[in-house]
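Residue numbers 17 to 642, in this note's numbering, belong to the letters of the sequence shown in order.
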Amino acid sequence: MGVGKREWGGRHQSSLLFVVVFMCTIVLYEVMIEINLFDNTPNRVLLVSPKFLHRRNQSLFFNNIIIEKKKPIFEEINHFIKLISKSKRFERKNELRKEMLDLVRSLNRLSPGHTPKNNIGQNVTLILNGIQDLDNTLALLSDLKQHLPDWSKKTRILVALNNKTNGKLSVYLKQLKPILEWVTLTEEQSKLIVSTLVNAIQKVTTPYVFLVRGARKFDNILNWDQFLKPLLRGYVDVVSGAVRYPNGNWHSGCHQSKLIWSQYKTQHGYDMIRHNDGRKSQNKLWVQCDYFDGPFAIKIDILLAALSPKIRKICPDPMFYKHVIYTLNNLNAIMSVSQTTTFYMDSPKELTRRQWLDFAFISEISEIIAINTDHSITHYEFNYTEVNCVCSNKANMLKPRACMRNLHFMLMNTYKLFDKYNYGYTNEDGSGMSATKLDDTLPWDLDQDFAFRSSDFADLVKHEDEFQKVGMYFAKELEGKTCLTNITDTEDFACGYIGLRGRNWRLEVWGEYLLLGDLYQPWKLNPLYQHLLPSNRIHGNDTKVRMRDHWSQMRPNPGQYSRLRYGCDILHHAKHWSEGGGTNKKSSWGNYITGPRFQQCAIEGHHLCLNQYLADGNIQFQQPWA
């Protein structure tokens, strides 16, 4: 990579500048409220108290911001809080990390709440799925019959049935009729959970629903009003609770997630508590989550917005709620889990690779990394044909990860075959540079290059069938010459070229009689070349570099080679030279143009955007680490 100018002070000062700018924006917003610049219509009442107080730690003290109708600014603030909360864990400067923590705590007190007009219970309908979740519905109805909780008397309960399950539930329905209703759906209306839910919701008259998924028993001391209050007052979009399984294991029911470059990672735990009202004695028992395990309450409009056409059409039952919650998180919904509310759940079912593939296909991702509540790890990677990726270029965006992994595996499979037949080779050009600084292939590369020993050419072409087995074929260009098998018979430095082709990619394979790795193994050289090597050379093995899942041969000094080939700024990143990343528009022989960050993405916020990555560092290109 070529030399590029750095902005003043590096990434820490840039981050601090961003925080300061955001603080100024909040100050301006508060001032505009105080001087009444906003339109005070009946549907938009803004109350701010006390006055904005600026202290050394840059804290914000907003007690109550009451907005009859939630505005997008609060969704943006919530998204910003989540990003700052995660990034502060990896900030190296203690001072800046403290500032970020103070900002998270302060912004969490921003509250776009409102007071529900009716009794809390009258705003929510509890939906039991007596079709796809029949066993748990039977258990719940039996529990309600024996221990009728107070909250059930003032909450609408709707049971979804079809002709097959109506008879099995009829006894409970008749006995509990005063406190519940039911709707009988046709077989067509209840093929999948999504169709059952959508059709049942049509019978609901309340603005909110509580979806009882996988629960077998309610806590008899459940404080229904307290549980629903943050949702009905508009502090959050979704509320759920902790979970307890039949084996006695209790979990917070909260998970965090990261989606970047087609990789989706979830991990059990939480980053921050959620301040759901201004009373400190009651607002610290909620945690904010990207995903949750328990039943949940949600506004119907928000739920229906999360049911995309793909989910409604092809989403299988085992993955339905994963899709819904995944979509809600991508829509920046604020999801809170109460740690004082416990739901007694059915045992969780382990998902198969095929089921995760359904999730990946609908969500347009290709790698799943889930750290489960028992600390086991689920990890599946799908190829581009499985998830139907389109491997095309878009400005300042990465190709889908499955496409680039296809290129990576082409190179690794080739190296493994070369190792198998003991052919000499070495990483070259972008492949060598990326192996040096990323321990991998470049995420934005367009092909791969490496050199092999020309004297192996005649034997290599006999094994084309081995390459065909892993999806590659040869496109040979010999320039009218036959490469010699005896290196002492020629003084040429190079001979032979093979274009290894796959469905989407090519490998540029260049034949050379002299490989620079021979510095360590001079017995492989033509005697004519001996004088080219220093007399104090080291004898031993070839230098090898790791490219994620394989150690491949490389020049004697990988870092020095990369620096001489691409310039002294190779540890910073730049786009491919053919896409404006280099000073030479016709070839890679020029300085690369680096900068403090990648350019703005065409679809801002998309998980394939290059500008989600820093312009230096390699750990960020490994499995999602934040």
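Every residue gets a Cβ at the ideal spot worked out from N, C-alpha and C, and that includes glycine. As the structure is a prediction and not an experimental result, all values here were calculated from the model.
Under three-state DSSP, which class holds residue i?
{"i": "E478", "result": "It is worth fixing the name first, because residue 478 is Lys in this sequence and not Glu. Note: K478 maps to helix in three-state DSSP."}
{"i": "H424", "result": "helix"}
{"i": "F483", "result": "helix"}
{"i": "C270", "result": "strand"}
{"i": "T389", "result": "coil"}
{"i": "C405", "result": "coil"}
{"i": "H284", "result": "strand"}
{"i": "I635", "result": "helix"}
{"i": "L373", "result": "helix"}
{"i": "G264", "result": "coil"}
{"i": "Y513", "result": "strand"}
{"i": "L587", "result": "coil"}
{"i": "R581", "result": "helix"}
{"i": "I350", "result": "coil"}
{"i": "C625", "result": "strand"}
{"i": "L433", "result": "helix"}
{"i": "L275", "result": "strand"}
{"i": "K190", "result": "helix"}
Between the options, which lies nearest to residue i when the distance is taken from Cα to Cα?
{"i": "D390", "options": "S604, S206 and H267", "result": "H267"}
{"i": "K245", "options": "C405, Q616, W302 and I586", "result": "W302"}
{"i": "G527", "options": "N345, W240, Y441 and V220", "result": "Y441"}
{"i": "N422", "options": "A451, R469, I330 and G518", "result": "G518"}
{"i": "A349", "options": "R172, C331, P325 and I314", "result": "I314"}
{"i": "D455", "options": "Q636, I147, K207 and L144", "result": "Q636"}
{"i": "C625", "options": "W277, D585, L367 and K180", "result": "W277"}
{"i": "G257", "options": "N265, F243, G446 and Y251", "result": "F243"}
{"i": "K193", "options": "V175, N179 and I381", "result": "V175"}
{"i": "T357", "options": "N502, I387 and D241", "result": "D241"}
{"i": "K364", "options": "I385, L320 and F308", "result": "One point to set straight first is that residue 364 is Pro, not Lys, in the sequence displayed. Residue F308 is the option with its Cα nearest to P364."}
{"i": "F377", "options": "M351, K326, V353 and K114", "result": "K326"}
{"i": "V187", "options": "S158, V214, W167 and T202", "result": "S158"}
{"i": "T394", "options": "K432, N215, Q283 and L347", "result": "Q283"}
{"i": "K274", "options": "N346, S447 and E524", "result": "N346"}
{"i": "L119", "options": "R571, M288 and E402", "result": "M288"}
{"i": "Y396", "options": "L112, F375 and Q218", "result": "F375"}
{"i": "L208", "options": "R249, Y337 and I100", "result": "Y337"}
So residue i and residue j are supposed to be a Cβ contact under 8 angstroms. How far apart are they, rounded?
{"i": "Y608", "j": "Y577", "result": "Actually they are not in contact, since the Cβ atoms of Y608 and Y577 sit about 15 angstroms apart, beyond 8 angstroms."}
{"i": "N627", "j": "R613", "result": "6 angstroms"}
{"i": "R370", "j": "D463", "result": "Wrong, their Cβ atoms sit about 33 angstroms apart, outside the cutoff."}
{"i": "L184", "j": "L160", "result": "According to the sequence shown, residue 184 is Lys rather than Leu. Actually they are not in contact, since the Cβ atoms of K184 and L160 sit about 16 angstroms apart, beyond 8 angstroms."}
{"i": "A467", "j": "M563", "result": "Not really, about 16 angstroms apart at Cβ, beyond 8 angstroms."}
{"i": "F490", "j": "E480", "result": "5 angstroms"}
{"i": "R417", "j": "E383", "result": "6 angstroms"}
{"i": "N139", "j": "Y261", "result": "Contact doesn't hold; Cβ gap of about 30 angstroms is too wide."}
Using the Cα positions of residue i and residue j, report the straight-line distance between them to the nearest angstrom.
{"i": "E50", "j": "V255", "result": "Interpretation of E50 is limited by its pLDDT of 38, a score under 50 that renders its predicted location unreliable; no figure is taken from the coordinates."}
{"i": "N239", "j": "P165", "result": "10 angstroms"}
{"i": "K410", "j": "A618", "result": "8 angstroms"}
{"i": "Y400", "j": "L580", "result": "35 angstroms"}
{"i": "N573", "j": "M426", "result": "25 angstroms"}
{"i": "N429", "j": "G621", "result": "34 angstroms"}
{"i": "W24", "j": "K453", "result": "Its pLDDT being 35, under 50, W24 is placed unreliably in this model, and the value from its coordinates should be taken loosely. Rounded to the nearest angstrom, the two C-alpha atoms are 24 angstroms apart."}
{"i": "Q638", "j": "T222", "result": "46 angstroms"}
{"i": "D505", "j": "L587", "result": "41 angstroms"}
{"i": "Y286", "j": "L373", "result": "26 angstroms"}
{"i": "Q616", "j": "W460", "result": "15 angstroms"}
{"i": "A322", "j": "Y342", "result": "9 angstroms"}
{"i": "G512", "j": "L476", "result": "11 angstroms"}
{"i": "E197", "j": "E366", "result": "33 angstroms"}
{"i": "M361", "j": "C331", "result": "23 angstroms"}
{"i": "V210", "j": "M116", "result": "40 angstroms"}
{"i": "N178", "j": "E204", "result": "10 angstroms"}
{"i": "F434", "j": "T610", "result": "34 angstroms"}
{"i": "I147", "j": "N265", "result": "27 angstroms"}
Should residue i be labelled buried (16 or more other beta-carbon atoms within 10 Å of its own) or exposed?
{"i": "V340", "result": "buried"}
{"i": "N412", "result": "buried"}
{"i": "H424", "result": "buried"}
{"i": "E595", "result": "exposed"}
{"i": "N263", "result": "exposed"}
{"i": "Y280", "result": "buried"}
{"i": "H589", "result": "buried"}
{"i": "P311", "result": "buried"}
{"i": "H163", "result": "exposed"}
{"i": "F398", "result": "buried"}
{"i": "S603", "result": "exposed"}
{"i": "C584", "result": "exposed"}
{"i": "Q191", "result": "exposed"}
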